[in-house]
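Trainee: Okay, handing you the structure first.
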Amino acid sequence: MKFFNTAGPVNPKKHYVLSPLDRLDSHEVLSLIDQEKYFILHAPRQTGKTSCLLELMNFLNQEGKYEALYINIESAQAERENISGAMRVILSEFATSARFYLKNTKIKDMKENILKEAGNNAFSEILTQWTETSERPTVLFIDEIDSLVGDTLISVLRQLRAGYNRRPDSFPQSIILCGIRDVRDYRIHSSSEKAIITGGSAFNIKAESLKLGSFTKEEMIQLYYCHTVETGQTFTDHALDIAWKYSEGQPWIVNALGYESCFKMKDRRNRSLSITKNHMQQAVENLILRRDTHIDQLLDKLQEERVRKVIEPIITNQDDPKDVTEDDILYIRDLGLIKIDKSIRIANQLYKEVIPRALTFSTQVTITHDSSWYVNDDGALDINKLMLAFQDFFRKHFDEWSADFQYQEASVQLLLQAFLQRIVNSGGYIFREYGLGRKRTDLLVTWYYQDRKQEIVIELKIRYQDTEEIIQKGLIQTTEYMDKCGATEGHLVIFDRRKSVSWEEKIFHKELAHDAKTIMVWGM
Numbered sequence: 005m006k007f008f009n010t011a012g013p014v015n016p017k018k019h020y021v022l023s024p025l026d027r028l029d030s031h032e033v034l035s036l037i038d039q040e041k042y043f044i045l046h047a048p049r050q051t052g053k054t055s056c057l058l059e060l061m062n063f064l065n066q067e068g069k070y071e072a073l074y075i076n077i078e079s080a081q082a083e084r085e086n087i088s089g090a091m092r093v094i095l096s097e098f099a100t101s102a103r104f105y106l107k108n109t110k111i112k113d114m115k116e117n118i119l120k121e122a123g124n125n126a127f128s129e130i131l132t133q134w135t136e137t138s139e140r141p142t143v144l145f146i147d148e149i150d151s152l153v154g155d156t157l158i159s160v161l162r163q164l165r166a167g168y169n170r171r172p173d174s175f176p177q178s179i180i181l182c183g184i185r186d187v188r189d190y191r192i193h194s195s196s197e198k199a200i201i202t203g204g205s206a207f208n209i210k211a212e213s214l215k216l217g218s219f220t221k222e223e224m225i226q227l228y229y230c231h232t233v234e235t236g237q238t239f240t241d242h243a244l245d246i247a248w249k250y251s252e253g254q255p256w257i258v259n260a261l262g263y264e265s266c267f268k269m270k271d272r273r274n275r276s277l278s279i280t281k282n283h284m285q286q287a288v289e290n291l292i293l294r295r296d297t298h299i300d301q302l303l304d305k306l307q308e309e310r311v312r313k314v315i316e317p318i319i320t321n322q323d324d325p326k327d328v329t330e331d332d333i334l335y336i337r338d339l340g341l342i343k344i345d346k347s348i349r350i351a352n353q354l355y356k357e358v359i360p361r362a363l364t365f366s367t368q369v370t371i372t373h374d375s376s377w378y379v380n381d382d383g384a385l386d387i388n389k390l391m392l393a394f395q396d397f398f399r400k401h402f403d404e405w406s407a408d409f410q411y412q413e414a415s416v417q418l419l420l421q422a423f424l425q426r427i428v429n430s431g432g433y434i435f436r437e438y439g440l441g442r443k444r445t446d447l448l449v450t451w452y453y454q455d456r457k458q459e460i461v462i463e464l465k466i467r468y469q470d471t472e473e474i475i476q477k478g479l480i481q482t483t484e485y486m487d488k489c490g491a492t493e494g495h496l497v498i499f500d501r502r503k504s505v506s507w508e509e510k511i512f513h514k515e516l517a518h519d520a521k522t523i524m525v526w527g528m
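The opening residue of the sequence shown carries number 5 in the working numbering; numbering runs sequentially from there.
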């Protein structure tokens with residue numbers, strides 16, 4: 005039985021797969037190898053980099069023109085800047101990979117002598133001896149290159165650069181370095197030289213930097229169709245639309261949604277039943293709540309100050325982020341958290357949902373309000389009662405809560421979202437829209453009760469100008485979003501951050517009309 009893969013390289017015998025080589029421009033890659041180039045392949049975590057390298061290694065070895073080898077050097081990270089210790093780990097990994105992939109046991113036999121004779125230059129020497137004893141030109145794929153740090157990383161890059169001129173007779177014809185970031189963007193802290201060395205200077209022989217992209221929508225549908233062919237179970241068009249909306253083709257999310265909806269959700273294990281929009285939406289929610297390793301690794305980065313400088317202006321919908329450097333933006337893009345289209349934005353809707361929840365998770369789970377307090381006898385959500393409760397909660401707790409909160413500028417929006425999430429979790433979803441230049445956060449609360457669906461638009465704005473002026477603009481924007489979503493209930497929330505204004509002046513609520521729609525306006 006095949007299934008969707010969410011951990012490690014793909015195995016076509018076990019997993020639904022798209023050909024890894026088709027995801028690369030294989031013509032360009034093979035051309036670079038033929039031209040004896042050293043180059044980079046980079047992409048965020050769990051996008052298929054390792055699968056592509058392994059497939060390329062197998063292709064080259066089967067073709068018979070080159071002897072290709074893949075090694076993963078992440079285990080050397082534990083040695084930090086202990087170069088000699090790192091060389092021992094790397095050579096051990098090299099020998100193991102050569103034995104496993106090439107059935108070459110000679111490397112293991114020569115390893116100890118090389119470590120003894122070549123010392124910190126052992127990596128260069130083992131590549132030399134491997135190449136000189138091979139019957140074919142050698143090609144090396146080095147995975148997780150950016151797991152190395154400081155002087156160890158500098159040493160590896162400089163050893164590759166030093167051997168470059170001896171290729172292809174005495175050094176690999178082509179080497180691909182694979183990691184999250186482009187080597188050019190590395191800023192490496194050298195303890196021995198008491199300086200910052202750029203990756204571009206340590207590895208100035210790089211010919212190209214190739215980036216592995218996400219799936220297109222057609223590729224995503226093709227992957228899901230593999231499941232249909234295998235089991236007969238189909239996906240509705242609306243389910244596929246939901247999968248695309250939340251993933252934008254990010255390979256791990258695509259596979260995780262497929263696995264969750266087809267294998268984890270018990271009622272869909274009956275292959276005669278289709279995966280519908282509601283099932284895919286539930287799969288999204290399950291992923292968000294479970295916070296698998298892929299998501300946790302990204303969210304851990306939110307605590308870094310350079311990440312906050314980029315992410316916080318997006319959450320607060322600013323026009324012109326300040327104190328943001330190009331290097332910070334490229335770093336966060338390479339992590340996979342953002343995309344750079346017309347402007348900087350969160351990479352996909354799943355991350356857009358996860359980030360606010362992660363930043364306020366401890367708050368959300370410690371709020372003592374129960375959802376049952378805000379549910380009417382017929383099961384509908386009493387949003388007016390909920391908002392009145394939040395006004396009181398906000399007034400009593402915001403100053404204390406926000407004092408130590410890292411994302412200060414986004415704190416008011418995030419606290420309301422945490423409060424809403426605590427209540428809505430029991431029977432619905434929140435869909436979030438925010439981004440640079442929007443000057444507002446739009447929330448669509450979907451609440452299910454009996455056989456009905458309640459949709460509520462809540463627009464959040466910060467008061468930067470006259471209150472009445474911002475209310476008038478907000479009414480127009482709230483009405484537009486209600487029309488877009490088909491919602492019948494609309495609420496506009498104005499946060500007044502002025503310290504000179506009393507709570508009595510800030511706290512208000514009133515019912516206003518715009519374009520034949522009734523909208524509740526809440527001040528706080």
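A virtual CB, placed ideally from N, CA and C, is assigned to each residue, including glycine.
Report the start-end ranges of each beta strand (DSSP E) in the region 79 to 125 that is 3 residues or longer and not cut off at the edges.
Mentor: Runs found: none.
Trainee: Count the other CB atoms within 10 Å of the CB of residue 468; is the residue buried (16 or more) or exposed (fewer)?
Mentor: Residue 468 is exposed by the Cβ-count criterion.
Trainee: Pick helix, strand or coil for residue 371, following the three-state DSSP scheme.
Mentor: Of the three classes helix, strand and coil, the one that applies to residue 371 here is coil, per DSSP.
Trainee: Going by the CB atoms, is the gap between residue 365 and residue 416 shorter than 7 Å?
Mentor: Not in contact: residue 416 and residue 365 (Cβ atoms no closer than 7 Å).
Trainee: Which residues bound the beta strand (DSSP E) around residue 458?
Mentor: That run of the beta strand (DSSP E) goes 456 to 466.
Trainee: I need the straight-line Cα distance from residue 32 to residue 44, nearest angstrom please.
Mentor: Cα-Cα distance, rounded: 13 Å.
Trainee: Among 178, 276, 98, 108, which has the Cα closest to the Cα of residue 530?
Mentor: Since the first residue shown for the chain is 5 and the last is 528, residue 530 is missing from the structure and cannot be characterised.
Trainee: Looking at C-beta atoms only, is the number of pairs between the region 336 to 346 and the region 257 to 277 that lie closer than 8 Å three or more?
Mentor: Segments in contact, no.
Trainee: Measuring straight from C-alpha to C-alpha, what distance separates residue 527 and residue 149?
Mentor: Going by the C-alpha atoms only, they are around 52 Å apart.
Trainee: Contact between the region 423 to 435 and the region 444 to 452: three or more CB pairs below 8 Å?
Mentor: The region 423 to 435 is in contact with the region 444 to 452.
Trainee: Assign residue 418 to buried or exposed, taking buried as 16 or more other Cβ atoms, counted over all protein chains shown, within 10 Å of its Cβ.
Mentor: It is buried - the Cβ of residue 418 has at least 16 other Cβ atoms within 10 Å.
Trainee: Based on the DSSP output, what are the partners of residue 524 in its beta bridges?
Mentor: According to DSSP, which records beta bridges pairwise, residue 524 is partnered with 495, 515.
Trainee: Rounded to the nearest angstrom, how far is the Cβ of residue 446 from that of residue 463, given a contact under 8 Å?
Mentor: The pair is a contact, with the Cβ atoms about 6 Å apart (cut-off 8 Å).
Trainee: Is residue 201 near residue 158, with beta carbons less than 7 Å apart?
Mentor: Yes, they are a contact pair.
Trainee: Between the alpha carbons of residue 81 and residue 208, how many angstroms are there, rounded?
Mentor: The straight-line gap from Cα to Cα measures roughly 23 Å.
Trainee: With distances taken Cα to Cα, identify the nearest neighbour of residue 135 among 61, 186, 71.
Mentor: The option with the nearest alpha carbon to residue 135 is 71.
Trainee: Does the beta-carbon distance from residue 314 to residue 305 come in below 7 Å?
Mentor: Not closer than 7 Å, so no.
Trainee: If you run the structure through DSSP and keep just helix, strand and coil, what is residue 444?
Mentor: Of the three classes helix, strand and coil, the one that applies to residue 444 here is coil, per DSSP.
Trainee: Identify which residue in 444, 470, 455 has its Cα closest to the Cα of residue 461.
Mentor: The candidate whose alpha carbon is nearest that of residue 461 is 444.
Trainee: Tell me the DSSP bridge mates of residue 76?
Mentor: In DSSP, residue 76 forms a bridge with 147.
Trainee: For residue 493, I'd like the list of residues in its chain whose CB is within less than 6 Å of its CB, leaving aside the five on either flank, ordered along the chain.
Mentor: Only 460 meet the Cβ criterion.
Trainee: So who's on the other strand from residue 436, going by DSSP bridges?
Mentor: Answer is 447, bridged to residue 436.
Trainee: With distances taken Cα to Cα, identify the nearest neighbour of residue 74 among 126, 93, 179.
Mentor: Cα-wise, what sits closest to residue 74 is 179.
Trainee: Tell me which residue opens and which closes the alpha helix (DSSP H) that residue 37 is part of.
Mentor: First-last of the alpha helix (DSSP H) with residue 37: 30 to 38.
Trainee: May I have the straight-line CA-CA distance separating residue 533 from residue 143, to the nearest angstrom?
Mentor: As displayed, the chain neither begins before 5 nor continues past 528, which places residue 533 out of reach and without an answer.
Trainee: Of all the options 166, 193, 319, 348, which has the alpha carbon lying nearest to the alpha carbon of residue 357?
Mentor: Taking only the C-alpha atoms, the option nearest residue 357 is 319.
Trainee: Quick check on this structure: which residue in 497, 317, 172, 234 has the alpha carbon closest to the alpha carbon of residue 395?
Mentor: Among 497, 317, 172, 234, the Cα nearest to that of residue 395 is on 497.
Trainee: Between 466, 294, 191, 56, which lies nearest to residue 182 when the distance is taken from Cα to Cα?
Mentor: Taking only the C-alpha atoms, the option nearest residue 182 is 56.
Trainee: Select from 60, 35, 5, 40 the residue whose C-alpha is nearest the C-alpha of residue 13.
Mentor: Checked all of 60, 35, 5, 40; the closest Cα to residue 13 is 60.
Trainee: Identify whether residue 221 lies in helix, strand or coil by the three-state DSSP scheme.
Mentor: If DSSP states are grouped into helix, strand and coil, residue 221 belongs with the helices.
Trainee: Out of 327, 160, 113, 68, state which residue places its alpha-carbon closest to the alpha-carbon of residue 77.
Mentor: Nearest of 327, 160, 113, 68 to residue 77, Cα basis: 160.
Trainee: Grouping DSSP H, G and I as helix and E and B as strand, with all else coil, what is residue 130?
Mentor: Helix, per DSSP.
Trainee: Taking only runs of the beta strand (DSSP E) that begin and end inside the region 209 to 280, which ones reach a length of at least 3 residues, in chain order?
Mentor: Fully enclosed beta strand (DSSP E) runs of 3 or longer: 210 to 215.
Trainee: Alpha helix (DSSP H) containing residue 199: first to last residue?
Mentor: Here residue 199 belongs to no alpha helix (DSSP H); instead the beta strand (DSSP E) covers 199 to 202.
Trainee: Is the region 282 to 296 in contact with the region 246 to 262, if contact means three or more CB pairs nearer than 8 Å?
Mentor: Output reads yes: the region 246 to 262 touches the region 282 to 296.
Trainee: Cβ atoms of residue 353 and residue 190: under 7 Å apart, would you say?
Mentor: Cβ distance not < 7 Å, so residue 190 and residue 353 don't count as in contact.
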